[in-house]
Every structure is written in structure tokens, then in C-alpha cells.
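Novice:
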Amino acid sequence: MCGSKVKISEANYLKVKEICASFNNNPGELINVLHKTQGHFGYLPQEVQEVVAECLGIPVGRVYGVVSFYSFFTMKPKGKYAISVCLGTACYVKGAEKVLDALRSELKISEGDVTPDGKFSLDVLRCVGACGLAPVMTINGKTYGRLVPEQIKGILAEYAE
């Protein structure tokens, strides 16, 4: 049974404990626990990772290792619209860096950051798996291919509210 030495709200602590219990506090279910926990919180801050480790009876370093290894997991909150630019070989060769520069310029943020209004976050990946559409970016899972920097402003406008 896990205790509550970590400093997060009681409600958040209980939610993490509930998620871990739904997987029988089994350390072999770590990835599933993290996936469900991130689904609830939107990201996996250190405090949440510590509660997961405690509940599963594993070292915090193991939890952090999994979170930092898999690109799906994030330790930072994402924007309402999470933008990912592919910098894999095909995308890079076909101009992904210029697309990324256009996004940085339009959003006025760097990769890993969130716009001040929380609307957009910007990240890079190594491969989306759509090399034939290079260069590619995704926004909340929707794929945009054969991009040129001049398209960025219009694409972002689709998400204006």
C-alpha cells in the first residue's frame, strides 16, 4: 500500500492511487499505469511519477526512465493543440527545419514550449511514419503533409477560436 509523503493534492494523490490499483499495483503494468495516468492529468510531472513508483513498489528512477524513454510520455503540460514536427531523415531532407522555423516564428515559442494562452504546444519527433508525405507535422494526431513554410499561418488559423 502506498503512503502520501509526496506533495500533490489529496484528490490527485487518490486518483493516481486508484489508477495504480486498477492494475493491481503490478510493477509489470508500469507503461499501462503511466498511459492511463497521463490520460487523466495530460502529462506526468515528477510528483505524480513519485506516487506511481511508491504505489507500484519500484524505484522512482525506473518510472522516470520509462517516461523519458518513450516519446509518447511527457513531463510538461501540452497545449490544447499539440503540434509535432517530424525531423526524421525524409522530412528533414525535404525541408522540415524550415517548417519548424515558421512554426516557431508564428507561435513565438520553441520546441518543448506552450504558448502563453495554453492553446498550442510545439514538439519534434524523429519519425511519424508518413515519409511519402514529407515534410510532415501533426496537430492532435491530424497529419499535414508535403508542407512548405508558407502554409503554416493558414493551418494555424484553422484552430482559431
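When we follow our numbering, the leftmost residue of the sequence shown carries the number 1, and every step to the right adds one.
Virtual Cβ for every residue (Gly too), placed ideally from N, Cα, C.
(1) If you run the structure through DSSP and keep just helix, strand and coil, what is M1?
(2) With DSSP run on the structure shown, which of helix, strand or coil describes V99?
(3) Does the separation of the CB atoms of G163 and S121 fall below 8 Å?
(4) Cutting at 7 Å between CB atoms, please list the residues of its own chain near K142, excluding the five before and the five after it.
(5) Measure the C-alpha to C-alpha separation of V33 and F41 and round it to an integer number of angstroms.
(6) I58: which of S84, I31, P27, K15 sits nearest, CA to CA?
Specialist: Let me lay it out:
(1) Unreliable placement is indicated for M1, whose pLDDT of 47 sits below 50; the coordinate value is still reported in the next sentence. Looking at M1 - three-state DSSP - the assignment turns out to be coil, as it is neither helix nor strand.
(2) helix
(3) Since the displayed the chain opens at 1 and closes at 161, residue 163 lies outside it and no answer follows.
(4) none
(5) 12 Å
(6) P27
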